[in-house]
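For the sequence shown, the numbering used here gives the first residue as 4, with consecutive numbering after it.
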Amino acid sequence: MTDQPITGHQGKSGTSARVVLLLCLLAVVFEGYDMVAYGTTLPAMLADPSWNLTPARAGVIGSYALVGMLAGSILVGAIADRLGRRVLMISATGWFSAWMGVCAIAPDATLFGIARFFVGIGVGALIPLAAAMAVEFAPKGKSHTYSAIVWAGFPAGGVLASLLGLVVVDTLGVRTMFWIGLLPLVIFVPVMLKLLPESPSFLLARGRVDDANHIADSAGIDRPEPPRVGEKVGPRALFTRELRRATLLFGLLSACGLLLTYALNTWLPKMMQSSGFGSDSALTFLLVLNAGAIIVPLFASRLSDRIGPQIVTAASLASAAVAILVLSTDVSSWLLFVLAFVAGAGTIGAQVLIYGFAASYFPASSRAAGTAWVASVGRIGGVAGPTLTGLVIANGTSIAPAFYLFAAIAVIGAIAAFSVPRLRTEVARAEDRAAVRAISN
């Protein structure tokens with residue numbers, strides 16, 4: 004093994020940490036667009052007899068993608084530490100982009116739903132990989148900031164979908180929104196093939212120490228540390244005595260966050276339309292919701308790097324619960340938009356913080372498995388969200404019960420965040436580093 008530059012299937016070894024961050028960010032923007040595009044087209048699809056959709060059936064179709072995401076995140080959790088994060092990130096991006104093209108040509112709602120399921124597989128696979136890569140390539144003290152920047156890409160994709168929906172749906176039709184989702188396969192995947200490096204931690208675990216160190220040095224980040232003697236790695240580590248409680252709480256926390264994320268992104272335009280707003284105004288609520296999820300987490304992540312992510316995540320979810328409750332009341336339109344902004348920051352934005360919290364919590368040797376677990380269990384809530392909301396709306400005379408449900412889920416998530424224990428290995432590793440410094444001095 005030599006220190007020569009790595010090429011070929013390992014990607015460009017000289018890629019800086021910021022370029023890796025940008026690649027992860029753009030990948031998440033595209034997946035955010037793909038997931039929210041359905042919500043932006045849903046009012047038009049419900050109004051079009053050719054789709055033969057009812058609110059209940061539309062909610063089920065909305066959940067198909069989330070079932071796929073569950074399958075994708077479980078799959079990647081099992082194989083990421085064997086095949087590497089680079090090849091899986093690139094494959095996942097190409098996969099969900101290709102299936103968006105299938106959505107565009109689906110002749111009926113049944114085949115459209117099947118295509119959405121396969122879109123979800125790629126999206127679910129990408130989420131934990133991008134989170135792990137962003138944290139691994141983050142400079143010291145900026146892991147939460149890097150994670151938040153990447154996950155701001157999801158609501159940014161939602162904003163992009165909302166803006167395009169305002170222009171495209173009425174003029175070019177619903178299917179154009181899904182054709183747009185095909186573009187990353189043609190434009191972005193070749194860029195990833197050229198520039199995205201492999202994870203140094205993965206290379207180290209495979210015994211390729213020089214390669215791992217070369218990529219880390221080129222990116223300007225710390226060289227990866229090998230697992231401590233006797234430390235379990237990968238999925239086996241998640242249910243050790245030290246990590247078991249946190250693993251379960253992170254799963255609950257992510258389930259709450261993703262239930263809120265996908266329920267709101269799927270149903271908020273229709274809910275506001277049912278409250279008397281026009282179609283353009285209803286879509287604007289979705290735009291404002293995702294704008295809050297972009298802007299606030301960028302500041303909240305900086306606070307997380309200073310005081311820790313636990314209190315910031317819990318406070319975000321608690322504030323969302325209050326905002327969602329007030330959304331169900333009769334208040335002025337401008338205040339409703341403010342509340343939608345806060346709700347987006349505290350639900351979709353909180354999910355940004357949750358991924359950063361988890362990615363920085365689990366040791367590098369089990370980080371991909373840990374973030375995959377968080378994403379996988381979260382999909383259970385994500386799958387339930389659109390379907391449950393659709394049933395509540397279909398069986399009621401008011402949309403208020405749906406808002407009450409969202410607020411209760413946000414409170415449960417806040418409690419789960421508060422309950423995550425401090426990781427004992429954080430203390431142990433700090434003591435190890437202090438001992439090394441003392442010896443060297």
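All residues carry an ideal CB built from backbone N, CA and C; glycine is no exception.
Every value quoted in this text rests on a predicted model; they were computed, and no experiment measured them.
Burial is judged here by how many other beta carbons sit within 10 angstroms of a residue's own beta carbon; G295 has at least 16 and is buried. In this structure, DSSP gives N55 a state outside helix and strand, which the three-state scheme calls coil.
In this chain, the alpha helix (DSSP H) harbouring F340 covers S336 to G349. DSSP places I224 in the coil class of the three-state scheme, outside both helix and strand. In this structure, the alpha-carbon of R119 lies about 7 Å from that of W102.
Rounded to whole angstroms, the Cβ separation of L69 and G385 is 4 Å, and the two are in contact under 8 Å.
In the three-state DSSP reduction, R209 falls in the coil class, being neither helix nor strand. 8 Å or more divides the Cβ of F365 from the Cβ of G359. A residue is called buried when at least 16 other Cβ atoms come within 10 angstroms of its Cβ; F302 does not meet this threshold and is exposed. Shown here for T269: same chain residues with a beta carbon closer than 6 Å to its own, the five before and five after excluded, namely G42, G65 and P389 in chain order. Annotation for R370: A135, V138, E139, S204 and A362 place their beta carbon closer than 8 Å to its own, counting only its chain and skipping 5 residues before and after. With respect to the 8 Å criterion, G349 and A317 are not classified as neighbours on the basis of their beta carbons. Three or more Cβ pairs closer than 8 Å define a contact, and the region 333-350 falls short of that threshold against the region 376-383.
Just measuring C-alpha positions, the residue of F409, D308, K273 and L256 sitting nearest W376 is L256. For I310, the enclosing alpha helix (DSSP H) stretches over residues S282 to I310. Counting along the chain, the unbroken alpha helix (DSSP H) around G127 starts and ends at A112 to E139. In the DSSP annotation of this structure, the continuous segment of the alpha helix (DSSP H) that includes L188 starts and ends at L186 to I190. Measuring C-alpha to C-alpha distances from I117 to each of L252, S19, T250 and A61 identifies A61 as the nearest.
By the C-beta density criterion, L114 is exposed, having fewer than 16 other C-beta atoms within 10 angstroms.
Annotation for L196: I93 place their beta carbon closer than 7 Å to its own, counting only its chain and skipping 5 residues before and after. By the Cβ test, the region 124-133 is in contact with the region 26-44, since at least three Cβ pairs between them sit closer than 8 Å.
CA-CA distance, A403 to S278, rounds to 10 Å. Inter-residue distance for V192 and V334 is about 46 Å (C-alpha atoms, whole angstroms).
S319 is a Cβ neighbour of A353, given a cutoff of 8 Å.
Annotation: L408 to L198 spans about 44 Å, alpha carbon to alpha carbon. The DSSP-derived three-state label of S66 is helix. Annotation for K143: no alpha helix (DSSP H) segment contains it, and DSSP assigns it neither H nor E. Between L91 and L132, the C-beta gap is smaller than 8 Å, which places the two residues in contact. Residue burial annotation: N55 is exposed, with fewer than 16 other C-beta atoms found within 10 angstroms of its C-beta. Rounded to the nearest angstrom, the Cβ distance from L328 to F280 is 19 Å, too far for a contact under 8 Å. Counting only residues of its own chain and dropping the five nearest sequence neighbours on each side, K143 has a CB closer than 7 Å to the CB of D225.
Short of 8 Å from the beta carbon of V22, and not among the five residues preceding or following it, lie these beta carbons of its own chain, in chain order: L198.
By the CB criterion at 8 Å, A59 and G393 fall inside the cutoff. For R309, the closest C-alpha among the options I130, V79 and H147 is that of H147.
Shown here, A109 sits in coil according to DSSP, grouped into three states, outside any helix or strand.
Here S202 carries a coil assignment [DSSP, helix/strand/coil].
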